[in-house]
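These notes are about the structure you will find just below.
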Amino acid sequence: MLGTSCHLQSECCWSSGTCSVRDAGPATCEVLAAQTAVIILQVLYDIASGIGNAAKKDIAHRDVTPNNFGHWKGRGYLYDFSAAKDMAGNWDRPRCAGTLSGITGTVLWAPLSVLEGGQHSVSSMLEGLFISALSISCNGKLDSRHDMNPGRLRHCAHLRRGHLCTPALSELSSIESSLKPLITGLHDVFYPLQDSEDPTYRNYNTKVTVGLVHDVCVQVCGALSP
């Protein structure tokens with residue numbers, strides 16, 4: 001069973017649009033595919049909670065990558081709020097498509113909606129967590145990773161959509177069997193099959209909630225339990 005409390009390693013204090021970040025937790029360890037599936041599930045559960053709880057305070061982390069979360073004693077910690085933004089009144093504000101203004105982290109882990117010019121949202125940050133989980137599961141060897149050039153965002157968006165809207169992820173063959181249900185479960189949440197009777201293409205869900213990510217983690221963990 002997964003623990004339900006979340007861990008934010010940094011505290012954000014907002015003043016006049018600036019962010020002051022200070023350490024508020026232990027030094028964490030990198031999340032690796034070699035760790036047990038239960039630890040990875042717990043970390044993802046905790047980070048999803050952290051994303052959601054920060055958003056309740058109108059704070060968007062905006063840089064959810066494997067480099068910005070870790071684990072300590074089996075629990076996940078979200079840190080490095082240097083790219084975070086106070087989103088009060090701005091969650092639904094559009095931004096210029098095809099610009100770097102919204103790409104606050106590494107393009108390799110940027111969610112499709114942001115690459116296509118959308119504003120950051122809870123769903124987009126959770127998608128960053130899914131892409132991070134996929135990267136961790138295949139030891140960083142994401143499909144088309146060498147072609148994700150930040151100077152060509154439209155090309156990056158095209159690659160991301162083509163990669164994740166396919167029926168089956170190309171990385172699945174290299175992912176350890178205990179992690180495949182997690183990756184396929186999250187893939188189905190963010191990119192549900194267009195037609196179950198003709199599974200040749202996937203839709204794109206930009207309304208994913210923390211609860212949906214939690215549900216996948218809990219279901220996969222339950223299947224692992226003896």
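The opening residue of the sequence shown carries number 1 in our numbering; numbering runs sequentially from there.
Glycine included, every Cβ here is placed at the ideal spot set by N, Cα and C.
Which of helix, strand or coil DSSP assigns to residue 29
Residue 29: strand per DSSP, three-state reduction.
At the level of alpha carbons, what is the spacing between residue 86 and residue 58?
Roughly 6 Å between the two C-alpha positions.
In this structure, how does DSSP classify residue 23 when only helix, strand and coil are distinguished?
Bear in mind that a pLDDT of 39 at residue 23, under 50, signals an unreliable position, so the number given afterwards is only what the model happens to contain. Three-state DSSP puts residue 23 in a strand.
Determine the burial state of residue 197: buried for a count of at least 16 other Cβ atoms within 10 Å of its Cβ, exposed for fewer.
By the 10 Å Cβ count, residue 197 comes out exposed.
For residue 42 and residue 75, believed in contact at Cβ under 8 Å, the rounded distance
About 6 Å separates the beta carbon of residue 75 from that of residue 42, a gap short enough to meet the 8 Å contact definition.
Below 8 Å, how does it come out for the region 144–160 and the region 175–182: are there three or more Cβ pairs, yes or no?
At 8 Å Cβ cutoff, the stretches do not touch.
Rounded to the nearest angstrom, what separates residue 33 and residue 138 at their Cα positions?
Going by the C-alpha atoms only, they are around 7 Å apart.
Determine the direct distance from the alpha carbon of residue 72 to that of residue 109, and round the result to whole angstroms.
Taking the Cα positions, residue 109 is about 23 Å away from residue 72.
Comparing C-alpha positions only, which one of 143, 152, 127 sits nearest to residue 175?
The shortest Cα separation from residue 175 among 143, 152, 127 belongs to 143.
For residue 175, decide whether its Cβ has a neighbour in chain D, counting only Cβ atoms nearer than 8 Å.
The displayed structure is made up of one protein chain only, and chain D is not part of it.
Can you check the region 153–211 for any beta strand (DSSP E) of at least 3 residues that lies completely inside it and give the ranges in chain order?
Segments of the beta strand (DSSP E) lying fully in the region 153–211: there are none.
Boundaries (first-last residue) of the beta strand (DSSP E) holding residue 77:
Element bounds for residue 77: 75–78.
For residue 118, the first and last residue of its enclosing beta strand (DSSP E)
Where residue 118 is concerned, there is no enclosing beta strand (DSSP E), given that its DSSP letter is neither H nor E.
Return the CA-CA distance between residue 23 and residue 166, expressed in angstroms with no decimal places.
With a pLDDT of 39 at residue 23, under the threshold of 50, the modelled position of that residue is not reliable, and the figure given next carries that caveat. C-alpha separation (whole angstroms): 40 Å.
Coarse secondary structure for residue 98, derived from DSSP in three states
Legend: pLDDT at residue 98 = 48, less than 50; position of this residue unreliable, value from coordinates given subsequently. Note: residue 98 maps to coil in three-state DSSP.
Taking 8 Å as the limit between beta carbons, can you name the residues of its chain near residue 51, skipping five residues before and five after?
Scanning its chain for C-beta atoms nearer than 8 Å, with the 5 sequence neighbours on each side dropped, one finds around residue 51 the residues 61, 64, 78, 122, 125, 126, 129, 210, in chain order.
For residue 221 and residue 177, what's the separation of their Cα atoms in angstroms?
Residue 221 and residue 177: Cα-Cα distance of roughly 13 Å.
Could you please give the first and the last residue of the uninterrupted alpha helix (DSSP H) stretch that includes residue 89?
From DSSP, residue 89 is part of no alpha helix (DSSP H); its letter is neither H nor E.
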